[in-house]
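**Q**
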Amino acid sequence: MNPQPTRRDLETRLAGAADQVPPAVQGVLARLAQAGHEAFLAGGCVRDILLRRVADDFDVATSARPDEVLRLFEHVVPTGIQHGTVTVILGREPHEKVEITTFRGEGEYLDGRRPESVRFLRDIEEDLARRDFTINAIAWNPLSGDVRDPFGGIGAIARRSIRAVGTPQERFREDGLRPLRAVRFASVLGFGIEEATRQAIGETLEVFRKVALERVRVELVKLLLGSARPSRGLNLCADTGLLGAFAPELLEGRGLAQNRYHRWDVWDHTMHVVDRSAPRLVVRLAALFHDVGKPRVAEVGPAGEPTFYSHEVVGAVLAEQILERLRFPRRTIDQVARQVREHNWHYTLEWNDGAVRRHLERVGVDALDDFFALREADIVGRGRQVQAGLKNLAELKARFLAEVEKESALEISDLAVGGREVMEALGQGPGPAVGETLRALLQHVLDHPEDNSRDKLLALVGERKRSSPS
Ligand code: ATP
Ligand code: MG
14 MNPQPTRRDL ETRLAGAADQ VPPAVQGVLA RLAQAGHEAF LAGGCVRDIL
64 LRRVADDFDV ATSARPDEVL RLFEHVVPTG IQHGTVTVIL GREPHEKVEI
114 TTFRGEGEYL DGRRPESVRF LRDIEEDLAR RDFTINAIAW NPLSGDVRDP
164 FGGIGAIARR SIRAVGTPQE RFREDGLRPL RAVRFASVLG FGIEEATRQA
214 IGETLEVFRK VALERVRVEL VKLLLGSARP SRGLNLCADT GLLGAFAPEL
264 LEGRGLAQNR YHRWDVWDHT MHVVDRSAPR LVVRLAALFH DVGKPRVAEV
314 GPAGEPTFYS HEVVGAVLAE QILERLRFPR RTIDQVARQV REHNWHYTLE
364 WNDGAVRRHL ERVGVDALDD FFALREADIV GRGRQVQAGL KNLAELKARF
414 LAEVEKESAL EISDLAVGGR EVMEALGQGP GPAVGETLRA LLQHVLDHPE
464 DNSRDKLLAL VGERKRSSPS
């Protein structure tokens, strides 16, 4: 193991890191310099190189005005020209697109949501001053070796510490999203938040509450998918008051004790499940919300132990509400809500194949990978009887996969009849009765796969029609 690098070590690291900058990006920097402009890499990519992390995008900051940049490159798109940003396209690969932003300061943030105006500047240090955290306010030109670090960002990286540029309260009042970004960076990078910066989060919550929830969602997703242990950031969200502004329902699980099969209360269990879950969006969101319904249905059972009957049903509704609030795409919301709804039934060896197929249909074949990922994390996150739980899950998995391999009919599209034939048999046009009938046929076929033939199913439709004439 390397000891923790010092600031000096990091400066040396940066001086030798030019070869980590893609040739396309170096070319852009060289072109700007040839034309007499200043140009630097700045922000996340410099921070990530110092941390030996893979930088996702290399952002260039320059003294050249947007119109000057547009004239210098052949394939260039004015992607955010009102903010001074253009994108140079040098090839098809993502790393062959380079964003170039003119040095800028920001006018006043009047509403804590977005700056009212943008001013273009000729000086990189003023540009660095408008950035959120010192670790994100370092500029570096890999061609000349010029490093600008006016706020001590390299030292902050060495101390693994997040600190606002300037006065934290002021910076958080300008843009209410910054506190959540601080927490997100702490979680993803495994850093601490410097005391004054952390303090300011609680003191500016009313500004955070005004931030567009789409922006909150972006940071939450990065926190969940980018952190080795998202619980670090989620606990910070809970402790600082941020969580209360966008998902207060989750806070109800704090201190809520569970039954003897659980080692932790609802919140801490949830944190273990999120940490142990595969880093996929649907899985991590389902992990975060799988028990959100528990506080609403908690009761004390006969043996004095808490019970949470139907928490998966209540939880699916709450998860849907919260994800809608955060403007997640419909498909993601439906997938997560379904995982939450199906996370709580218990498989036993006595199940016949029909029961296995009915549960498989509820989960959905396409959602099986996510289902197993969540179930496994949930079992491990109980902290008790983990081996028995995993063995039970492996048995269920074997039976589910056996049905998938048998190509059993598991969806409406697997039925031997379609909507048109059902309409003919019912003697009516499109309407809710058609879907209802198809669903009833599927339920029948899940129990009696041998009946999945056209004649048999149409006979069943006939029977249904006679027994409930409309
Ligand atoms: P990553 O892309 O890994 O999430 P990043 O640091 O590149 O991290 P971005 O959101 O891509 O983050 O922003 C790029 C840079 O722009 C940041 O490093 C920071 O310097 C600046 N920045 C972004 N958002 C803000 C903000 N809300 N306030 C001030 N500066 C910001
Ligand atoms: Mg970035």
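According to our numbering, the residues represented by the sequence shown are 14 to 483, in order.
Glycine residues also receive a C-beta, built at the ideal position from the N, C-alpha and C atoms.
Indicate the three-state DSSP secondary structure (helix, strand or coil) for residue 52 in the structure shown.
**A** strand
**Q** Using a Cβ distance threshold of 8 Å, determine whether the region 138–154 contacts the region 103–118, with at least three qualifying pairs required.
**A** yes
**Q** Would you list, in sequence order, the uninterrupted alpha helix (DSSP H) runs of no fewer than 4 residues that lie entirely inside the region 147–219?
**A** 166–171, 181–187, 191–202 and 208–216
**Q** Which of helix, strand or coil does DSSP assign to residue 89?
**A** strand
**Q** Could you check the C-alpha separation between residue 281 and residue 246 for me, to the nearest Å?
**A** 13 Å
**Q** Straight-line CA distance for residue 463 to residue 471?
**A** In this structure, the straight-line span from the alpha carbon of residue 463 to that of residue 471 is close to 14 Å.
**Q** Just checking, does the region 143–154 make contact with the region 51–64 on the three C-beta pairs under 8 Å criterion?
**A** yes
**Q** Go ahead and pull the three-state DSSP assignment for residue 7.
**A** There is simply no residue 7 to check, as the chain begins at 14 and stops at 483 in what is shown.
**Q** Taking DSSP's pairing of strands, which residues face residue 118 in a bridge?
**A** According to DSSP, residue pairing for residue 118 in a beta bridge involves 132.
**Q** Among the candidates 112, 205, 356 and 475, whose CA atom is the shortest distance from the CA of residue 83?
**A** 112
**Q** Give me every residue whose Cβ sits closer than 5 Å to any heavy atom of the ligand ATP, in chain order.
**A** 56, 57, 144, 145, 149 and 188
**Q** Can you give me the C-alpha to C-alpha distance between residue 451 and residue 33, rounded to a whole angstrom?
**A** 58 Å
**Q** What I want to know is whether the C-beta of residue 140 ends up closer than 8 Å to one or more non-hydrogen atoms of the ligand MG.
**A** no
**Q** Just reading off the alpha helix (DSSP H) that residue 74 is part of, what are its end residues?
**A** Where residue 74 is concerned, there is no enclosing alpha helix (DSSP H), although the beta strand (DSSP E) it sits in stretches over 73–75.
**Q** Is residue 69 near the ligand MG - that is, is its Cβ less than 8 Å away from at least one heavy atom of it?
**A** yes
**Q** Would you say the beta carbon of residue 72 comes nearer than 8 Å to a heavy atom of the ligand MG?
**A** yes
**Q** Given residue 460, which residues of its chain have a CB within under 6 Å of its CB, disregarding the five upstream and five downstream residues?
**A** 367
**Q** Which residue or residues does DSSP assign as beta-bridge partners of residue 320?
**A** 312
**Q** Report the rounded CA-to-CA distance for residue 233 versus residue 440, giving the unit in angstroms.
**A** Straight-line spacing of the CA atoms in residue 233 and residue 440 works out to 51 Å.
**Q** Note the first and the last residue of the continuous beta strand (DSSP E) segment covering residue 99.
**A** 98–102
**Q** Take residue 130 as the anchor and find which of 455, 94, 174 and 104 has the nearest alpha-carbon.
**A** 94
**Q** Expressed to the nearest angstrom, what Euclidean distance is found between the alpha-carbon atoms of residue 203 and residue 102?
**A** 33 Å
**Q** When the Cα atoms are used, what is the spatial distance from residue 491 to residue 402?
**A** Outside the displayed span of the chain (14 to 483) sits residue 491, for which this structure offers no information.
**Q** Tell me the DSSP secondary structure of residue 363 in three-state form.
**A** coil
**Q** Taking the DSSP output, what are the residues bridged to residue 112?
**A** Residue pairing of residue 112 in beta bridges, as defined by DSSP: 100.
**Q** Taking all protein chains shown into account, decide if residue 49 is buried (16 or more other Cβ within 10 angstroms of its Cβ) or exposed.
**A** exposed
**Q** Quick one: any contact between the region 269–287 and the region 391–409, if contact means 3 or more CB pairs under 8 Å?
**A** Yes, since at least three Cβ pairs between the region 269–287 and the region 391–409 fall closer than 8 Å, the two stretches touch.
**Q** How big is the Cα-Cα spacing for residue 267 and residue 478?
**A** Computed Cα separation, rounded: 52 Å.
**Q** In angstroms with no decimal places, state the Cα-to-Cα distance between residue 325 and residue 271.
**A** So the alpha carbons of these two residues sit roughly 15 Å apart.
**Q** Suppose you measure from the CA of residue 297 to the CA of residue 409; what does that come to, to the nearest Å?
**A** Those two C-alpha atoms are separated by around 22 Å.
**Q** Is there contact here, the region 154–168 with the region 182–198, by at least three beta-carbon pairs under 8 Å?
**A** A contact between stretches requires three or more CB pairs, one per stretch, nearer than 8 Å, and the region 154–168 fails this requirement with the region 182–198.
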